[in-house]
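Report on the structure given below.
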Amino acid sequence: MRNYDFECVATQINCGPGTREYIEREWDKAVNRVENWIKTVRICITDINGPKGGINQRCRIVMQTRLGAPIVVQETRERLSSAINVAIRRSVHTLKRKISKKRDLKKQPVHIETQQDAEGLS
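So the sequence shown is numbered by full-length UniProt numbering: it starts at 1 and just counts up by one.
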């Protein structure tokens, strides 16, 4: 069960309930261990060129996190499922990397100036 807002939007593309279920299932699997860091997620899928064909299936993920700035990932591929999978993988990887950096900053020792240090400088 998600404790954040999740939205999936399809523009300029015929997206049925099966595609939306696929996106939600893949997303839920990917964020299993880091979902408590997420505030909102908006996944937009678009067919850039319409019926012309080519590499034109885009998946854009905008994730607002508890770490500050949003994570925005965009992937364009020939197949929609590939664009979705890669965008999800990249966005979750970025979130995990930001979480790791935040934890590393907390582990760094804080230097407290002692009187002995102050005397050594003079």
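Think of the CB as a built atom: it goes at the ideal place given N, C-alpha and C, for glycine as much as any other residue.
Every value quoted in this text rests on a predicted model; they were computed, and no experiment measured them.
Give me whichever residues DSSP pairs with residue i in a beta bridge.
| i | result |
| --- | --- |
| T11 | T46 |
| V72 | V62 |
Are the CB atoms of residue i and residue j nearer to each other than 8 Å?
| i | j | result |
| --- | --- | --- |
| R42 | E7 | yes |
| T76 | R90 | no |
| V34 | I99 | yes |
| L95 | W37 | yes |
Pull up the CB-CB distance for residue i and residue j, whole angstroms please, since I reckon it's below 8 Å.
| i | j | result |
| --- | --- | --- |
| V73 | A83 | At roughly 11 Å, the Cβ-Cβ gap does not stay under 8 Å, so V73 and A83 are not in contact. |
| K29 | Y4 | Not confirmed; about 16 Å, so no contact. |
| I45 | I13 | 6 Å |
| N85 | E26 | 6 Å |
Looking at the secondary structure, which residues open and close the alpha helix (DSSP H) in which residue i lies?
| i | result |
| --- | --- |
| R25 | P17 to A30 |
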